[in-house]
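Heads up, the sequence shown is in the working numbering, so the first residue is 2 and it goes up one at a time.
We treat Cβ as the ideally placed atom computed from N, Cα and C, and that holds for glycine.
What follows is a set of notes on a single structure, which appears directly below.
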Amino acid sequence: MVIIMPWMLNEGKFNNNTYLFDSFQCDAEYSMGYYILQGTKKRALIDTSGPIEAERFAKRIKNLDLIPDILILTHSHWDHAGGTTIFQKKFPNIEVFAAKPAIESLKNNSKYNESFSEIITDLEPVDNIIPVKEGDIIDLGGMELLIYETPGHTNCSISILDQKNMI
2 MVIIMPWMLN EGKFNNNTYL FDSFQCDAEY SMGYYILQGT KKRALIDTSG
52 PIEAERFAKR IKNLDLIPDI LILTHSHWDH AGGTTIFQKK FPNIEVFAAK
102 PAIESLKNNS KYNESFSEII TDLEPVDNII PVKEGDIIDL GGMELLIYET
152 PGHTNCSISI LDQKNMI
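Here is the structure:
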């Protein structure tokens with residue numbers, strides 16, 4: 002049984018440090034949630050959505066003056082990481098973090114596209130990714146994000162714990 006709390010569906014400020022966005026993946030409402038976490042020194046975006054939605058998503062973030070300094074990719078599937086190169090072009094100073102197995106997939110264009118060739122035909126390879134592993138901490142200033150390796154959905158999946166808010 003899955004319990005969905007109503008507050009999880011509403012876009013906007015989730016708490017003092019966290020914003021929730023719906024990517025409207027394939028133009029479907031409540032399709033995929035993406036988060037921006039605000040520290041005192043840096044702002045982190047969790048995942049990018051797919052390449053089609055990423056342009057729209059990046060524009061919304063910019064219009065709200067929530068430009069991320071850091072991008073953390075939870076895994077290498079197109080609907081989570083497919084917009085990474087778009088975010089790197091729109092926000093050239095963004096630092097991208099992912100698990101080592103995800104980096105291998107994201108850098109290898111043929112491997113990356115092979116997995117999703119029926120859905121997305123031309124995902125660009127991603128460069129300049131900083132590897133993270135179990136126990137690493139990404140410090141946003143007053144907010145530390147603890148990385149957990151959580152293989153299952155993919156062998157490259159990670160989860161992120163906001164230690165300040167315990168979410």
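Local Cβ density within 10 Å of residue i, reported as buried at 16 or more and exposed below that
i: His154; result: exposed
i: Gln39; result: buried
i: Pro69; result: buried
i: Met167; result: exposed
i: Phe58; result: buried
i: Pro7; result: Below a pLDDT of 50, predicted positions are generally treated as unreliable, and Pro7, at 46, falls in that range; the measurement from the model is reported next regardless. Exposed, because fewer than 16 other Cβ atoms sit within 10 Å of the Cβ of Pro7.
i: Asn18; result: buried
Cβ-Cβ separation, residue j to residue i (assumed contact under 8 Å), whole Å
i: Gly34; j: Ala55; result: At roughly 15 Å, the Cβ-Cβ gap does not stay under 8 Å, so Gly34 and Ala55 are not in contact.
Residues that DSSP places opposite residue i in a beta bridge
i: Leu21; result: Gly13 and Tyr36
i: Phe98; result: Ile73 and Ile131
i: Ser160; result: Tyr149
i: Asp140; result: Glu145
i: Arg1; result: Past the edges of the chain, shown from 2 to 168, lies residue 1, and the structure says nothing about it.
Rounded straight-line distance, which links the Cα of residue j to that of residue i
i: His158; j: Asp66; result: Residue 158 is actually Ser in this sequence, not His. Looking at the two C-alpha atoms, the distance is approximately 29 Å.
i: Asp128; j: Lys165; result: 31 Å
i: Lys60; j: Ser160; result: 26 Å
i: Phe92; j: Tyr149; result: 26 Å
i: Thr151; j: Ser77; result: 13 Å
i: Glu12; j: Ile87; result: 22 Å
i: Phe174; j: Ile37; result: No answer is possible for residue 174: the residues shown for the chain start at 2 and end at 168.
i: Leu147; j: Ile71; result: 14 Å
i: Val133; j: Ile104; result: 10 Å
i: Phe15; j: Lys101; result: 30 Å
i: Phe98; j: Gly143; result: 19 Å
i: Cys27; j: Asp80; result: Annotation note: pLDDT 49 at Cys27 (below 50); position unreliable, no value reported.
i: Gln90; j: Asn109; result: Residue identity differs from the one stated: residue 90 is Lys in this sequence, not Gln. About 19 Å.
i: Tyr20; j: Asn64; result: 14 Å
i: Glu145; j: Glu135; result: 14 Å
Residue j beta carbon less than 8 Å from that of residue i
i: Ile138; j: Glu96; result: no
i: Leu107; j: Lys42; result: no
i: Pro52; j: Leu124; result: yes
i: Ala45; j: Ile62; result: no
i: Thr49; j: Thr75; result: no
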